[in-house]
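Visitor: Got a structure for you, questions after.
Number of protein chains: 2
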Amino acid sequence: MAGSLTRVPFLKPPQTKLTEEDWLAEALQTLAAEGVSAVRVERLARSLGVTKGSFYWHFKSHGELLARLRDYWASHHTVVVDAYETQGPAEAETMLLALLRRIILEDANRYDAAVRAWGLFDSLTAEAVLRVDETRLAFVKELFLRMGFDREEAEFRSRMSYYYVIGETSAGIDRTSEDRLAFLDRRHRRLVDRTPIR
Amino acid sequence: MAGSLTRVPFLKPPQTKLTEEDWLAEALQTLAAEGVSAVRVERLARSLGVTKGSFYWHFKSHGELLARLRDYWASHHTVVVDAYETQGPAEAETMLLALLRRIILEDANRYDAAVRAWGLFDSLTAEAVLRVDETRLAFVKELFLRMGFDREEAEFRSRMSYYYVIGETSAGIDRTSEDRLAFLDRRHRRLVDRTPIR
DNA sequence: CGGCGACCATACGGTGTTGTATGGATGCAT
DNA sequence: ATGCATCCATACAACACCGTATGGTCGCCG
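Note that the protein sequences, when read in sequence, are chains V and D. For the first sequence, this note's numbering gives the first residue as 1, with consecutive numbering after it. For the second sequence, this note's numbering gives the first residue as 199, with consecutive numbering after it.
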């Protein structure tokens, strides 16, 4: 009775051999879809069309999978930009807007949210998220510096820019992406404006 | 061997009878400490010094516990303020600052973060969080309205105020509370200032 | 073609979890 | 005091999960 009821063997092509990254990619999808507590061995095996025997050949244990998954996310899914060397103040504005737009539109923040929830109760993951946030924040701050703001102003405006997006993403949003993009434009116009605020 | 090794019966006084709220309170603590996946039946029973027999008298199932826990949080741990009727524009400023200070300092945001992580993969919880956010945001917007800002300005500044705090809380924060409070003061001074920004 | 290594299936033990069934203890009302 | 409702313990079934042990299959290389 309870044999292979949810098996759909012809969905995935008969991929001859599985690699370690296949497991990590599947684990990341499960993480983003149902959280870290759904990232289990036999579950991933079923999704990949194999059994546990395959898993324990590629990984030492379930804990090692999570550790690798943490690094996998941090190294492959947190790219901001690292080739912004030759940019002037004008490009900095448009680059900031493009970056924030991308965060809102892309599904990459789906990964971010899941990892952030994971990091709430896992200190190592929390550290990884912290490092990613610091890197991104430093990048945004650098953009504001190139716009001509001094260090204190750049610190203030970068934090307002970045943490607002984090908050809006973390909050349950029924707003459509168009709504968020429209409000992003309003924020951007204000946060980029050089007239002294106070 | 595996009998009652972690039982510490004299920690909790011999509370004669357990009530349903005792279970919910313990569940909320576990939720805040280790996430919703740690809210399990026998685990709570051990923490409360009883066995499952007690649980299944108070609750129909594990799912019902989570449903009750969701309502328990929404109704008992999301009070903002509802007695701000007779307030002028001056009190609105200090009330906003006090509210945001309280969010940063209190452990209430610990509950919020855990429920928010829960809501990422549970639609009913997501709706509950959404309603709470809408209520709070409407309250903050009302404060800005009482400060004299028009509707569009109040909408903008309330979202900036509220979602920033959500983001800063959701992000892994190594900053101390003093740091966050200091930065809160800077934000507050700016967001409350009436000089037109752009 | 023979053998070896990469990759996976199968089977099993052990634990943790939900849920049920049933009996016991305790207090309160009549 | 007797009976009943409340509250909990115990025992059990069923399942999911981790990890191991062992054998099997396939391809490649000499």
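In this text, a Cβ means the ideal position worked out from N, Cα and C, and glycines have one as well.
Does the beta carbon of ARG116(V) come closer than 9 Å to any beta carbon on chain D?
Guide: As a working note, residue 116(V) is residue 116 in the first sequence. For ARG116(V), the answer is yes, since a Cβ of chain D falls inside 9 Å of its Cβ.
Visitor: Touching or not, the stretch 63 to 79 of chain V and the stretch 117 to 131 of chain V, by the rule of three or more beta carbon pairs under 8 Å?
Guide: Result yes; three or more Cβ-Cβ pairs closer than 8 Å.
Visitor: Would you mind working out which of PHE347(D), ARG385(D), GLU219(D) sits nearest LEU267(D), comparing C-alpha positions?
Guide: Stepping through the second sequence from its first residue, residue 267(D) is reached at position 69. Per the Cα distances, GLU219(D).
Visitor: Let me see if you follow: with CB-CB separation under 9 Å, is ILE166(V) close to chain D or not?
Guide: For the purposes of this step, residue 166(V) is taken as residue 166 along the first sequence, with counting starting at 1. At least one chain D Cβ lies under 9 Å of ILE166(V).
Visitor: Does THR19(V) pass the burial test, meaning 16 or more other C-beta atoms within 10 Å, or should it be called exposed?
Guide: If you number the first sequence from 1, residue 19(V) lands on position 19. Exposed, by the Cβ-count rule.
Visitor: State buried or exposed for LYS52(V), treating a residue as buried only when at least 16 other CB atoms are found within 10 Å of its CB.
Guide: The residue you call residue 52(V) lines up with position 52 of the first sequence. Classification of LYS52(V): exposed, given that the 10 Å Cβ count is below 16.
Visitor: Helix, strand or coil for SER259(D) per DSSP?
Guide: Your numbering for residue 259(D) matches position 61 in the second sequence. Reduced to three states, the DSSP call for SER259(D) is coil.
Visitor: Check each residue of the stretch 224 to 256 of chain D: if its Cβ is closer than 7 Å to any Cβ of chain V, include it; give the result in chain order.
Guide: Listed by position, the residues of the stretch 224 to 256 of chain D near chain V (Cβ gap below 7 Å) are GLU232, GLY233, SER235.
Visitor: Note down, in chain order, each residue of its chain lying with its Cβ closer than 7 Å to the Cβ of ALA45(V), except the 5 sequence neighbours on either side.
Guide: Looking up residue 45(V) in the first sequence gives position 45. Answer for ALA45(V): THR51, LYS52, SER54, PHE55, listed in chain order.
Visitor: Short check: CB of LEU96(V) to CB of SER161(V), under 9 Å?
Guide: Stepping through the first sequence from its first residue, residue 96(V) is reached at position 96. Stepping through the first sequence from its first residue, residue 161(V) is reached at position 161. A contact, by the Cβ cut-off of 9 Å.
Visitor: To the nearest angstrom, how far is the alpha carbon of ALA154(V) from that of ASP377(D)?
Guide: Here residue 154(V) is taken as the residue at index 154 of the first sequence, counted from 1. Here residue 377(D) is taken as the residue at index 179 of the second sequence, counted from 1. Answer to the nearest angstrom: the Cα atoms are 17 Å apart.
Visitor: Following the continuous alpha helix (DSSP H) through LYS215(D), name the residue where it begins and the one where it ends.
Guide: On the second sequence, position 17 is the one that residue 215(D) refers to. Segment: none, LYS215(D) is in no alpha helix (DSSP H) and carries neither H nor E.
Visitor: Taking only three categories from DSSP, how would you classify ASP185(V)?
Guide: Taking the first residue of the first sequence as position 1, residue 185(V) is located at position 185. Of the three classes helix, strand and coil, the one that applies to ASP185(V) here is helix, per DSSP.
Visitor: Return the chain-ordered ranges of every alpha helix (DSSP H) run that is complete within the stretch 293 to 339 of chain D and spans a minimum of 4 residues.
Guide: Qualifying alpha helix (DSSP H) stretches, in chain order: 306 to 317.
Visitor: Skipping 5 residues on each side, what residues in its chain have a beta carbon closer than 7 Å to that of ALA32(V)?
Guide: The residue labelled residue 32(V) in the question sits at position 32 within the first sequence. Same-chain partners within the cutoff: ARG110, TYR111, ALA114.
Visitor: What residues from chain D crowd round ARG186(V), counting only those whose CB sits closer than 8 Å?
Guide: On the first sequence, residue 186(V) is found 186 positions in, with the first residue counted as 1. PHE354, listed in chain order.
Visitor: For the alpha helix (DSSP H) that PHE354(D) lies in, which residues bound it at each end?
Guide: Taking the second sequence and counting its residues from 1, the one referred to as residue 354(D) is at position 156. First-last of the alpha helix (DSSP H) with PHE354(D): 349 to 368.
Visitor: Within a Cβ cutoff of 7 Å, which residues of the same chain sit near LEU181(V), ignoring the five residues on either side of it in sequence?
Guide: Within the first sequence, the letter at position 181 stands for residue 181(V). ARG101, ILE104, listed in sequence order.
Visitor: How is THR228(D) classed by DSSP in three states: helix, strand or coil?
Guide: Indexing the second sequence from 1 puts residue 228(D) at position 30. In this structure, THR228(D) counts as helix in the three-state DSSP scheme.
Visitor: If you follow the alpha helix (DSSP H) that ALA45(V) is part of, which residue opens it and which one closes it?
Guide: Position 45 of the first sequence, counting from 1, holds the residue named residue 45(V). First-last of the alpha helix (DSSP H) with ALA45(V): 41 to 48.
Visitor: I want to see whether chain D comes within less than 9 Å of ASP133(V), judged by CB atoms only; does it?
Guide: As a working mapping, residue 133(V) is identified with position 133 in the first sequence. Answer yes: the Cβ-Cβ gap between ASP133(V) and chain D drops below 9 Å somewhere.
Visitor: State yes or no: is the beta carbon of LEU328(D) nearer than 9 Å to at least one beta carbon in chain V?
Guide: Numbered from its first residue, the second sequence carries residue 328(D) at position 130. True, the Cβ-Cβ gap to chain V drops below 9 Å.
Visitor: Compare the Cα-Cα distances from THR125(V) to each of VAL36(V), LEU24(V), PHE183(V) and report the closest residue.
Guide: Stepping through the first sequence from its first residue, residue 125(V) is reached at position 125. When each option's Cα is compared against that of THR125(V), the closest is VAL36(V).
Visitor: Mapping the DSSP letters down to three states, classify ARG194(V) as helix, strand or coil.
Guide: In the first sequence, the residue the question calls residue 194(V) occupies position 194. Of the three classes helix, strand and coil, the one that applies to ARG194(V) here is coil, per DSSP.
Visitor: With DSSP as the reference, label HIS274(D) as helix, strand or coil.
Guide: Within the second sequence, numbered from 1, the residue matching residue 274(D) stands at position 76. Correct three-state label for HIS274(D): helix.
Visitor: Can you find a C-beta in chain D that's less than 9 Å from the C-beta of SER170(V)?
Guide: Looking up residue 170(V) in the first sequence gives position 170. By this cut-off, SER170(V) is an interface position.
Visitor: Any beta carbon from chain V within less than 9 Å of ARG357(D)'s own beta carbon?
Guide: For this step, residue 357(D) is matched to residue 159 along the second sequence. True, the Cβ-Cβ gap to chain V drops below 9 Å.
Visitor: Suppose the cutoff is 6 Å on Cβ atoms and the five residues either side in sequence are ignored; what does the same chain contact list for PHE149(V) look like?
Guide: Translated into positions along the first sequence, residue 149(V) becomes position 149. None.
Visitor: Using the three-state DSSP reduction, which class does SER286(D) fall into: helix, strand or coil?
Guide: Within the second sequence, numbered from 1, the residue matching residue 286(D) stands at position 88. Per the sequence presented here, residue 286(D) reads as Gly, with Ser not at that position. In this structure, GLY286(D) counts as coil in the three-state DSSP scheme.
Visitor: Can you name, in chain order, every residue of its own chain whose Cβ lies under 6 Å from the Cβ of ALA199(V), other than the five neighbours on each side?
Guide: For residue 199(V) there is no data in the structure shown, the boundaries of chain V being 1 and 198.
Visitor: Would you mind sorting TRP183(D) into buried or exposed? The rule is 16 or more other CB atoms within 10 Å of its CB.
Guide: Past the boundaries of the shown model lies residue 183(D); chain D is included only from 199 to 396, so the question cannot be answered.
Visitor: Looking at the structure shown, is ASP179(V) part of a helix, part of a strand, or coil, going by DSSP?
Guide: Mapped onto the first sequence, residue 179(V) falls at position 179. Helix at ASP179(V).
Visitor: I think SER368(D) touches SER170(V), with their Cβ atoms under 8 Å apart; what is that distance to the nearest whole Å?
Guide: As a working note, residue 368(D) is residue 170 in the second sequence. As a working note, residue 170(V) is residue 170 in the first sequence. At roughly 4 Å, the Cβ-Cβ gap stays under 8 Å, so SER368(D) and SER170(V) are in contact.
Visitor: When you compare only the Cα positions, how much space is there between ALA236(D) and VAL192(V)?
Guide: Against the second sequence, residue 236(D) aligns to sequence position 38. Against the first sequence, residue 192(V) aligns to sequence position 192. If you take the alpha carbons of ALA236(D) and VAL192(V), they lie about 44 Å apart.
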